[in-house]
Amino acid sequence: MRSGVSGRNHRSLHRPAATEAALRFLLDEGFEPAAAVNTLFLVVSVFTTGFVAAEQVPMDLAESRGLPAPDAVRAATTGLEALPEERFPVLRGNAAAMLGPNMDERFRLGLETVLDGVAARTDDNGPGTSRADSTVITDLSDVVAGRSPRGC
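Just so it is clear: in the sequence shown, position 111 is 176 by my numbering, and no numbers are missing.
See the structure below:
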């Protein structure tokens, strides 16, 4: 049985250089140390890992069945569209949008939403009030991915 310690196998511990760079970036942006750590955990461990799993698991399943990714998306869309209309009118009507190829845009929107939430929890006049600024999002995304942010 697990000990109940959340984050016991935290992935960032296995990528110390990327974690160091991301924390440094957040601290340089004015985050307090605890807020920087919590923001990094939320962005990497919760949002990014969850997003990748949600995107990858169906593709892995399709691959195990010999379906290329576009065929898997088509099959999933067809499956949603085949649901009984009287019970699932919204799913049926939005199947293509739910499973469409715009995952990069969905990731960006999700990251903006998470960072907006972080900003909302900070002092109105203090650091973090504009976390969803396009440059900050792009730079944090680069740091999380192990790339140097622009200008560094």
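Glycine included, C-beta positions come from ideal geometry on N, C-alpha and C. Small disclaimer: the values here were computed from a predicted structure and weren't measured.
Whole-Å CB distance - residue i paired with residue j, under 8 Å assumed
i    : j    : result
P123 : A101 : Actually they do not touch by this definition, with Cβ atoms about 33 Å apart.
V183 : L164 : Going by Cβ atoms, the distance from V183 to L164 rounds to 29 Å, so no, they are not a contact pair.
V108 : L176 : 7 Å
Same chain, Cβ closer than 7 Å to residue i, neighbours up to 5 away in sequence not counted
i    : result
N190 : Below a pLDDT of 50, predicted positions are generally treated as unreliable, and N190, at 46, falls in that range; no measurement from the model is reported.
E151 : none
L91  : A101, T104 and L105
L148 : L156 and R157
P135 : none
Same chain, Cβ closer than 6 Å to residue i, five either side skipped, listed in chain order
i    : result
A160 : T142, L145 and E146
A127 : A137
Given residue i as reference, the closest of the options once Cα atoms are compared
i    : options             : result
F106 : P149, F153 and R80  : R80
F246 : N167, F96 and E97   : For the chain, the structure presents residues 66 to 217; residue 246 sits outside this window and is missing.
R186 : L88, D93 and E97    : E97
T14  : Q121, F112 and A118 : Residue 14 falls outside the range modelled here, since the chain spans only 66 to 217, and no answer is possible.
Practice problem: Spell out a yes or no on whether the region 168-184 and the region 127-139 are touching, meaning 3 or more CB-CB pairs, one atom from each, closer than 8 Å. | Solution: Here the region 168-184 makes no contact with the region 127-139; the two share fewer than three CB pairs at distances below 8 Å.
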